[in-house]
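A.B. asks: With the first letter of the sequence shown counted as 1, position 125 gets the number 125 in the UniProt record's numbering; the numbers rise by one all the way through.
By construction, the Cβ of each residue, glycine as well, lies at the ideal position given by its N, Cα and C atoms.
Have a look at this one.
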Amino acid sequence: MPYPAPWPPTDVLRSPRGLALAVCVLLGVAAAVNLLSAAVSGYVHSLMKRVIADPAQVGADTLDRSDVLTGITGVLQAVILLATAVVFVIWFHRVRVNGGIMRPDAFSQSRGWAIGGWFIPIGNLFLPYRTAKEIWTASTRFAPDGSFREVSAAPVHAWWAAWVLSVLADRLFSALYERAGTPEALRDASAVGMVCDLLTIAAAVLAIVFVRKLTTMQTVKAEQGPYAAA
1 MPYPAPWPPT DVLRSPRGLA LAVCVLLGVA AAVNLLSAAV SGYVHSLMKR
51 VIADPAQVGA DTLDRSDVLT GITGVLQAVI LLATAVVFVI WFHRVRVNGG
101 IMRPDAFSQS RGWAIGGWFI PIGNLFLPYR TAKEIWTAST RFAPDGSFRE
151 VSAAPVHAWW AAWVLSVLAD RLFSALYERA GTPEALRDAS AVGMVCDLLT
201 IAAAVLAIVF VRKLTTMQTV KAEQGPYAAA
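Here's what the structure looks like:
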């Protein structure tokens, strides 16, 4: 009795270039917003030093203005973070699917972890990194003899290190800012805020490098075939 033919594979390569462009633009905007936030934190830090030295030299209007600036930059950061995170995760899943087509044996977890790994407390500090390294390996193009070649994963390591540091710094800043009931405490919190913003800018720049490099790697490897491109 003949057996039915197996289902043909339904996965096809899909170009990540459009998503990569959107991610890079959003990361650039995020870096600019965090630069603005760093400037505001620097202003608050300077203002609190003046208050500590002589409270009479800083009027209520000036303090209110600093509160407004802090609030505006906080909202801008939240909006751009959400937009960037959504598009980045979509791109990340796209390159994970492509990587699974290019080299299925390179992955230790299913493609769903390319999304789910970001939402697991504590786990989101290392699970996406593991997935990123595996995507990087799977996207490495073949050598002329058909073997897999090694490509430095420095862009992955640098981006992830900066991102983790920025996340930890942000948590420290949030804790300090929420408890800042004195000018001295607010001065210290704003100093940490500046460091956090600068780390976030570094992470955004390194993420752009990572996204561009990985997208290029997949594009080049897709041209080598044999894959069904879409």
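Excluding the five sequence neighbours on either side, which residues of its own chain have a C-beta within less than 8 Å of the C-beta of K213, listed in chain order?
C.D. replies: The residue labelled residue 213 in the question sits at position 213 within the sequence shown. These residues qualify, in order along the chain: P155.
A.B. asks: Going by C-alpha to C-alpha distance, which of I208, A32 and V89 sits closest to W159?
C.D. replies: Counting from 1 along the sequence shown, the entry for residue 159 is found at position 159. When each option's Cα is compared against that of W159, the closest is I208.
A.B. asks: Given this structure, state the Cα-to-Cα distance separating V151 from L26, to the nearest angstrom.
C.D. replies: Along the sequence shown, read from residue 1 onward, the residue named residue 151 stands at position 151. Along the sequence shown, read from residue 1 onward, the residue named residue 26 stands at position 26. Roughly 27 Å separates the two Cα atoms.
A.B. asks: Looking only at C-alpha atoms, which of V220, L19, Y177 and S166 sits nearest to T84?
C.D. replies: Here the question's residue 84 lines up with position 84 in the sequence shown. Of the listed residues, the one whose Cα sits closest to T84 is L19.
A.B. asks: Between the segment 99-112 and the segment 68-81, do at least 3 Cβ pairs fall closer than 8 Å?
C.D. replies: Counting C-beta pairs closer than 8 Å gives fewer than three between the segment 99-112 and the segment 68-81, which falls short of the contact rule.
A.B. asks: Buried or exposed for F119, please, with buried defined as at least 16 other CB atoms from any protein chain shown within 10 angstroms of its CB.
C.D. replies: The residue labelled residue 119 in the question sits at position 119 within the sequence shown. So F119 ends up on the exposed side.
A.B. asks: Would D197 be called buried (16 or more neighbouring beta carbons within 10 Å of its own) or exposed?
C.D. replies: The residue you call residue 197 lines up with position 197 of the sequence shown. With 16 or more other Cβ atoms within 10 Å, it is buried.
A.B. asks: Checking 8 Å against the spacing of the C-beta atoms, do F92 and A106 come in under that value?
C.D. replies: The count along the sequence shown starts at 1 and reaches residue 92 at position 92. The count along the sequence shown starts at 1 and reaches residue 106 at position 106. Contact: no.
A.B. asks: In chain order, what residues of the same chain have a beta carbon less than 6 Å from the beta carbon of A204, not counting five sequence neighbours either side?
C.D. replies: Counting from one through the sequence shown, the residue named residue 204 turns up at place 204. Spatial neighbours of A204 in its own chain (CB-CB distance under 6 Å, excluding positions within 5 residues in sequence) are listed in chain order as L27, A30 and A31.
A.B. asks: So which of F142, A222, A185 and V87 has the shortest CA-CA distance to A22?
C.D. replies: As a first step, residue 22 is located in the sequence shown; it is residue number 22 there, counting from the start. The option with the nearest alpha carbon to A22 is V87.
A.B. asks: Using the beta-carbon count (16 or more within 10 Å), is A60 buried or exposed?
C.D. replies: For the purposes of this step, residue 60 is taken as residue 60 along the sequence shown, with counting starting at 1. The residue is exposed, with fewer than 16 neighbouring Cβ atoms inside 10 Å.
A.B. asks: Measuring alpha carbon to alpha carbon, tell me which residue in E184, P183, V195 and L186 is nearest W163.
C.D. replies: For the purposes of this step, residue 163 is taken as the residue at position 163 of the sequence shown. Minimum Cα distance to W163 is reached at V195.
A.B. asks: Using CA coordinates, which residue listed in S190, V220 and D54 is at the minimum distance from L176?
C.D. replies: On the sequence shown, residue 176 is found 176 positions in, with the first residue counted as 1. Nearest option by C-alpha distance: S190.
A.B. asks: Assign F173 to one of three DSSP states: helix, strand, or coil.
C.D. replies: The count along the sequence shown starts at 1 and reaches residue 173 at position 173. Looking at F173 - three-state DSSP - the assignment turns out to be helix.
A.B. asks: Using alpha carbons as the reference points, say which of A202, I72 and G181 lies closest to S41.
C.D. replies: Position 41 of the sequence shown, counted from the first residue, corresponds to residue 41. The shortest C-alpha separation from S41 is found at I72.
A.B. asks: Return the first residue and the last residue of the alpha helix (DSSP H) that V89 is part of.
C.D. replies: Translated into positions along the sequence shown, residue 89 becomes position 89. Per DSSP, V89 belongs to the alpha helix (DSSP H) from A60 to M102.
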